[in-house]
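In the UniProt record's numbering, the protein residues as written are 1 to 202.
Backbone N, C-alpha and C fix where the C-beta goes; we use that ideal spot for every residue, glycine too.
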């Protein structure tokens, strides 16, 4: 399988512990755009840095995790990058930064990324999604179709959350309307939209 240009060109780093990862971020967060962080899986004997701790340190510097790739039975690597201005904030990461702020671990770049998100709306755009609140336009469309609303509510929480996020992230009204049509059409036929068909059930 061909590797992406991002994977080929981005540097790799395997810190021995959380302190070394933080030290790398202190030195490189401003000049590097991304890094493949290599660390051990949960049950591996050499595991010294957990995924949660790695994300904590990244958030402190305005960075965030994304794509993961397996390396072998014990190790994998995950792409960490500078957070884009319009990058959304999950409920988990907002709770993390609150704790990190109280602990005095957040740096100015990390605090700046929060302020930018609060100004442009990306800080709160997923709040209703996290709480599984169905927007009025989608609710009305589902209610107009026999069995549509019932089928939607039978989807797992993770599936509904994925669909709601897909909907709210539409940049244009036309795109949003088309996504509503697709969600409703699938619900009426009692099938899952393609965007979540690949996902495993909870």
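Checklist entry - Alpha carbon to alpha carbon, how far is residue 200 from residue 113? => result Note on residue 200: pLDDT 36, under 50, position unreliable in the model; the coordinate value appears next. Between residue 200 and residue 113, the C-alpha separation is close to 32 Å.
Item to check | Pair within 8 Å by beta-carbon distance, residue 59 and residue 90 | outcome: no
Checklist entry - Which of helix, strand or coil does DSSP assign to residue 14? => result coil
Item to check | Classification of residue 183 by the beta-carbon crowding that lies within 10 angstroms, buried from 16 upward | outcome: buried
Checklist entry - Which partner residues of residue 62 appear in the DSSP bridge assignment? => result None; residue 62 has no bridge partner.
Next on the checklist: Just to confirm the assignment, what range does the alpha helix (DSSP H) spanning residue 177 have?
Outcome noted: 173-188
Item to check | Pairwise C-alpha distance: residue 17 and residue 70 | outcome: 19 Å
Checklist entry - Of the choices 38, 11, 63 and 194, whose alpha-carbon is the least far from that of residue 107? => result Of 38, 11, 63 and 194, the residue nearest in Cα terms is 63.
Checklist entry - Around the Cβ of residue 133, are there at least 16 other Cβ atoms within 10 angstroms (buried) or fewer (exposed)? => result Counting Cβ neighbours within 10 Å, residue 133 comes out exposed, since fewer than 16 surround it.
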